[in-house]
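Structure first, then comments.
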Amino acid sequence: MGFTSTDIDECENEDNCKGPGEQCMNVLGNFTCSCIEGYHLDRSAGVDVLCVINQPSLQVKLFVGVGISFIVVLVCSSWLYLIVKQRKLIKLKQRFFEQNGGLILKQKLSKQENSTAIAKIFTKEDLQKATNNYDETLIIGRGGFGTVYKGILLDNTIVAIKKSKTVDENQIEQFINEVLVLSQINHRNVVKLLGCCLETQVPLLVYEFIPNGTLFEYIHHESKASTISWETRLRIAAETAEALSYLHFAASPPIIHRDVKSSNILLDSTHTAKKHIVKEGKAEQLKEVANLAKRCLRLKGEDRPTMKEVAIELEGLRKVEMHSWVNVDSNLEETLFLLGETSDSYKNNASNKITNVYDSVRDHVIFDLDDGR
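Each residue of the sequence shown is one higher than the one before, counting from 0 in numbering that gives the first Met the number 0.
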C-alpha cells in the first residue's frame, strides 16, 4: 500500500515574506524569502530576513554631487554672463545714441508741437525685426553711401531702411537738423523720411517704401526702356522739377539736394509696355526740352534757370501735350504762357542769391514720381 503527499504552496499565505523588498519562493514542504532587485539581505538586525534598499556607493555619491554642483555653477555663470552682456549692450546702445545726437534730437522734438508726426525714433530691435536681422535677401540698393533694406515694421508698414557706411562725428548736430527738416517735408513728389535709429554705430534712416524701382533702371535697361512713353518721361521730368522747386523755394529753410540723378528718382506705379513713334508735334517738344536742358547746363549760375522756372516750362509743355489741338502759330500768346514764359520781374528775382540755404550734405532727399507722385 503506497502513500502520496501533496505539496502546499506556502507562498499563498500572505503572512510569509511580507516585509518591504521581500519575495516568497516556494520549495517542497517549505518556503524561503529573498530580496527583489534593488534590495539586499541584511541580517544585522537579528532577524531571519531583512531586505533593505541598495544605497549608492561613496564613489557614486561623489560623482552625482560633483555633477550637480557643476550644473548649478554652469547655470549661474550663464545667467550672470547674459546679465552682464545685456547691461553692456544697453550701455553701448546708450553711448551710440548720445554719440549720434539722440539727446539733441529729443530736446529739439520736445520743443515741437506735434513731434510724433515729425520724426520717430526707432530702436535697434525695431529695425532688426523689420529686416529679419538685415537679411541680405531684403537688400534693395547698395552703393558707396551704404545699403538700403526693405523692412516691415510691427504695424505692417513697409519701409526702406538706409544703413550708411560711415558718419562724420563733427557734423552730428547738422545731421540731426537734417532729420528734423527732412521729416517735415510733405510733398507728393518727395519720399517721406519717417524717422531714424540712433542706437547703432552708424545712424539708420527710415523712409517710406516706393515699390517700383528707380528711373535709372527704366532708361538704362533695354528691357524696360521701351515701356516709358514720351508722355510719361515728360511727366517725370516735370514732377522732378516741381519737387526741386518745392525744396528750393517752399521748404524752410531751403534745401539744395546736390545729387540729382536718375538713381535717386523712384517710380511708384507699373508701366504698360508699348512702342512709341515720335510724331512731328513731339519732335517740337523734344527740341523745347533739349533747349531747356542746354540752358540748365550753362556754366554761370545766374545764366541758368531756377528750378521754379524749369518746373513751369515743363508743366507748360505737358499742357501742350494734353491739348494737342493747340496751334502754336495761331495761338502764340497762349502757347508762350503754357510753355512757362516768365516775366522780367520774375527773372530778376530769380537771379537773387538764396539766403540761409540748407545744404543736404548726406543726400537724404529722394524723389518719388509717376501717377501723382
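All C-beta atoms in this analysis are idealised placements derived from N, C-alpha and C, irrespective of residue type, glycine included.
Query                                                                                                                                                                                : Result
May I ask which residues mark the beginning and end of the alpha helix (DSSP H) holding CYS377?                                                                                      : The chain is shown only over 0 to 372; residue 377 falls outside these bounds and no answer can be derived.
Using three-state DSSP, classify SER109 as helix, strand or coil.                                                                                                                    : helix
What residue range does the beta strand (DSSP E) around GLN54 cover?                                                                                                                 : Where GLN54 is concerned, there is no enclosing beta strand (DSSP E), given that its DSSP letter is neither H nor E.
Alpha carbons only, please: which of GLN98, VAL147, PRO55 is nearest the one belonging to ASP167?                                                                                    : GLN98
Which of helix, strand or coil does DSSP assign to SER228?                                                                                                                           : coil
Residues in its own chain within less than 8 Å of ASN185 by CB, not counting five upstream and five downstream?                                                                      : LYS191
Got a sec, what are the start and stop residues for the beta strand (DSSP E) ILE151 sits in?                                                                                         : 145-151
Shortest alpha-carbon distance to GLU163 belongs to which of ILE151, ASN176, LEU197, THR156?                                                                                         : The sequence as given places Ser at residue 163; Glu does not occur at that position. Residue LEU197 is the option with its Cα nearest to SER163.
Secondary structure at TYR133, three-state DSSP: helix, strand or coil?                                                                                                              : coil
Can you say whether THR130 is buried or exposed, counting buried as having 16 or more other CB atoms within 10 angstroms of its CB?                                                  : buried
Evaluate PRO202 with the Cβ neighbour count: other Cβ atoms within 10 Å of its Cβ, from every protein chain shown; 16 or more gives buried, anything less gives exposed.             : buried
Buried or exposed: PRO373, going by 16 or more other Cβ atoms within 10 Å of its Cβ?                                                                                                 : Outside the displayed span of the chain (0 to 372) sits residue 373, for which this structure offers no information.
Classify ILE255 as helix, strand or coil using the three-state DSSP reduction.                                                                                                       : strand
Can you confirm whether the region 233-251 touches the region 296-306 when touching is taken to mean that 3 or more C-beta pairs between the two stretches lie within less than 8 Å? : yes
With a threshold of 8 Å on Cβ separation, who are the neighbours of CYS10 within its own chain once the five nearest residues in sequence on each side are excluded?                 : CYS16, CYS23, MET24, ASN25, PHE30
Going by beta carbon distance, what residues of the same chain come within less than 7 Å of GLU172, once the five residues before and after it are set aside?                        : GLY100, ILE103
Count the other C-beta atoms from every protein chain shown that fall within 10 angstroms of the C-beta of THR122, then say buried if there are 16 or more, exposed otherwise.       : exposed
What ranges does the beta strand (DSSP E) occupy inside the region 167-240, keeping only unbroken runs of at least 3 residues that lie completely in it?                             : 192-196, 203-207
If you follow the beta strand (DSSP E) that GLU9 is part of, which residue opens it and which one closes it?                                                                         : Looking at the DSSP string, GLU9 is not in any beta strand (DSSP E), and its letter there is neither H nor E.
Once the 5 residues before and after SER262 are set aside, which same chain residues still bring their CB inside 6 Å of it?                                                          : THR213, PHE215
Is it buried or exposed, ARG234, if we count other Cβ atoms within 10 angstroms and call 16 or more buried?                                                                          : buried
By the three-class DSSP mapping on this structure, what secondary structure does ARG297 have?                                                                                        : coil
On a Cα-Cα basis, can you pick out the residue from ALA159, VAL72, ILE254, GLU230 that is closest to VAL205?                                                                         : ALA159
What distance in whole Å lies between the Cβ atoms of VAL180 and CYS195, which are believed to be in contact at a cut-off of 8 Å?                                                    : Wrong, their Cβ atoms sit about 13 Å apart, outside the cutoff.
Could you tell me the alpha carbon to alpha carbon distance between ILE117 and HIS256, rounded to whole angstroms?                                                                   : 20 Å
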